[in-house]
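Visitor: With our numbering as the guide, the letters of the sequence shown map in order to residues 6 to 263.
Note that the Cβ used here is the ideal one computed from N, Cα and C, for glycine as well.
None of the values given here were measured: they were computed from a predicted structure.
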Amino acid sequence: MRPLAVVTGASAGLGAVFARQLTARGYDLVLTARRADRLNALATELGRNGAACQAVAADLSEDSGIEAVADVIQTRRPDLLVNNAGFGTKGRFHEADFAGQHTMHRVHVMATLRLTHAALGPMVERGSGGIINVSSVAGFARSPGNVSYCATKSWMNAFTEALVLEMRALQSPVRIQALCPGFTYTEFHDVMQVSRDRVPRTLWLDADFVVGESLRALDRGQWLVIPDWRYRWFVALITRLPARLRLAMQSRSPHSRA
Ligand SMILES: NC(=O)c1ccc[n+]([C@@H]2O[C@H](COP(=O)([O-])OP(=O)(O)OC[C@H]3O[C@@H](n4cnc5c(N)ncnc54)[C@H](OP(=O)(O)O)[C@@H]3O)[C@@H](O)[C@H]2O)c1
C-alpha cells in the first residue's frame with residue numbers, strides 16, 4: 006500500500022514542492038489550502054504521475070477549516086503530515102491591523118496544534134510516521150516589523166522540540182521535524198507585498214533545495230533542519246550572543262524596514 010501524506014499550504018510555494026517531491030517518493034496525497042482551483046490543478050498533475058490526490062479546500066484561520074482538515078486526518082490516518090501553511094505580515098505590531106496578527110496565530114499556531122494532535126496519536130499507536138512543521142530561521146530571532154511572525158515560528162520550534170523529547174521518552178520511531186528555512190523563492194513575499202531587493206540575491210534559497218533537505222533529514226531522523234550553511238551560522242550566532250549584542254544585531258534585520 007502507498008504511504009499517505011497530508012500537506013497544508015499545498016496551493017503554492019514550499020507546499021506544492023513538498024507535494025511534488027513526496028509524489029516522486031511514492032506517496033499519495035491530501036492537498037489542502039484555500040484556493041481550490043490551484044489544489045485541483047496540482048491534484049490532476051500529480052495524478053498523471055500515479056499519485057491518488059484528494060484536494061481539501063479549507064481556511065486554516067477558521068475553526069471550521071481546521072476541523073475539516075482534522076477530520077480528514079482522523080479518517081485517513083496519514084503516514085506524514087506537513088504543517089506548512091503560512092504567511093508574513095508587515096508593519097509595527099501596535100500599528101498593524103489586529104485581524105492579520107490574530108489570523109497568523111491561528112494558521113501558524115492553532116492549526117499546527119490541532120492537526121498535529123489529530124495525526125500523532127495514530128502514528129504513535131502504530132509505531133511509524135512523521136510530522137514536519139515548516140517554521141523559519143525567524144523562529145530563532147526577533148525583528149521589528151515582524152513581531153508575530155517571529156513569535157509564532159518560535160512557538161513552532163519549541164512545540165516541535167518538546168514533541169521530539171516525548172517521542173524519545175517513549176522510544177517511539179515517529180519522527181518530528183522543525184524545518185527552518187531562510188529567505189526562499191516562493192509566493193510568500195509577493196503575498197506580503199514586500200520587495201525581494203532588500204535581501205542580497207545570494208541569500209535566496211531554492212524551494213526544491215529546501216524541501217529536498219527536509220525530506221533527506223527526515224530519512225535520517227534529524228529533528229531540526231536549517232537548509233544552507235549560512236543560515237546555520239546565523240542561528241548558531243544569534244542563539245549564543247549576549248542579549249545586548251543580540252538586540253543590536255536584530256535591529257538591523259531587513260524586516261526592521263518593513
Ligand atoms: N518563503 C520564505 O522565504 C520562507 C522562509 C521561511 C519559512 N517560510 C514558511 O514556509 C511556509 C510556506 O510558505 P511559502 O514560502 O511556500 O509561501 P507561499 O508560496 O505564499 O505559500 C503559502 C501557502 O500557505 C497557504 N495559506 C496561507 N494562508 C492560509 C490559510 N488561512 N488557510 C490555509 N492555507 C493558507 C497558501 O494557500 P492559499 O492562499 O491558497 O490558502 C499557500 O499554499 C510558511 O509557513 C512560511 O512561513 C517561508
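When DSSP labels each residue in this structure, what does residue 246 get in the three-state scheme?
Guide: In this structure, residue 246 counts as coil in the three-state DSSP scheme.
Visitor: Just how far apart, CA to CA, sit residue 142 and residue 7?
Guide: Looking at the two C-alpha atoms, the distance is approximately 33 Å.
Visitor: When the distance is taken between beta carbons, is residue 165 closer than 8 Å to residue 146?
Guide: No, the Cβ-Cβ distance between residue 146 and residue 165 is not below 8 Å.
Visitor: Hey, residue 75 and residue 123 are a contact pair by Cβ (cut 8 Å); roughly how many whole angstroms apart?
Guide: With 8 Å as the limit, residue 75 and residue 123 qualify as a contact, their Cβ atoms being about 4 Å apart.
Visitor: Are there any heavy atoms of ligand 1 lying less than 7 Å away from the beta-carbon of residue 150, as far as the coordinates show?
Guide: Incorrect: residue 150 has no Cβ contact closer than 7 Å to ligand 1.
Visitor: Could you work out which residue in 23, 234, 168, 218 is closest to residue 129 when comparing CA atoms only?
Guide: For residue 129, the nearest C-alpha among the options comes from 168.
Visitor: With distances taken between CB atoms, is the gap from residue 60 to residue 41 smaller than 8 Å?
Guide: Yes, the pair counts as a contact, with Cβ atoms nearer than the cut-off.
Visitor: Between the alpha carbons of residue 97 and residue 152, how many angstroms are there, rounded?
Guide: Spanning the two alpha carbons is a distance of roughly 8 Å.
Visitor: Under the DSSP definition of a beta bridge, which residues are partnered with residue 62?
Guide: Partner(s): 38.
Visitor: Which stretch, first to last residue, makes up the alpha helix (DSSP H) that contains residue 26?
Guide: Residues 18 to 29.
Visitor: Just to confirm, is the Cβ distance from residue 178 to residue 219 under 8 Å?
Guide: No; because the gap between Cβ atoms is not below 8 Å, this pair is not in contact.
Visitor: Would you call residue 202 buried or exposed, if buried means 16 or more other Cβ atoms sit within 10 Å of its Cβ?
Guide: Exposed, by the Cβ-count rule.
Visitor: Helix, strand or coil for residue 136 per DSSP?
Guide: Strand at residue 136.
Visitor: Starting from the Cα of residue 181, find the closest Cα among 230, 244, 200, 255 and give me that residue.
Guide: Of the candidates 230, 244, 200, 255, the one whose C-alpha sits nearest the C-alpha of residue 181 is 230.
Visitor: Measure the alpha-carbon distance for residue 102 versus residue 95 and round it to whole angstroms.
Guide: Roughly 10 Å separates the two Cα atoms.
Visitor: Suppose you measure from the CA of residue 109 to the CA of residue 90; what does that come to, to the nearest Å?
Guide: Cα to Cα, residue 109 sits roughly 10 Å from residue 90.
Visitor: Could you work out which residue in 126, 186, 249 is closest to residue 175 when comparing CA atoms only?
Guide: The shortest Cα separation from residue 175 among 126, 186, 249 belongs to 126.
Visitor: Scan the region 126 to 186 and note each continuous alpha helix (DSSP H) run of 4 residues or more that stays entirely inside, going in chain order.
Guide: Listed in chain order, they are 152 to 174.
Visitor: Taking only beta-carbon atoms, is residue 35 less than 8 Å away from chain D?
Guide: Here chain D cannot be found, since the structure has a single protein chain.
Visitor: Assuming residue 112 is part of the alpha helix (DSSP H), what are its boundary residues?
Guide: Counting along the chain, residue 112 falls outside any alpha helix (DSSP H), and DSSP gives it neither H nor E.
Visitor: Tell me which residues share the same chain as residue 45 and place their Cβ nearer than 8 Å to its Cβ, disregarding the 5 neighbours each side in the sequence.
Guide: Excluding residues within five positions, the ones whose Cβ falls inside 8 Å are 60.
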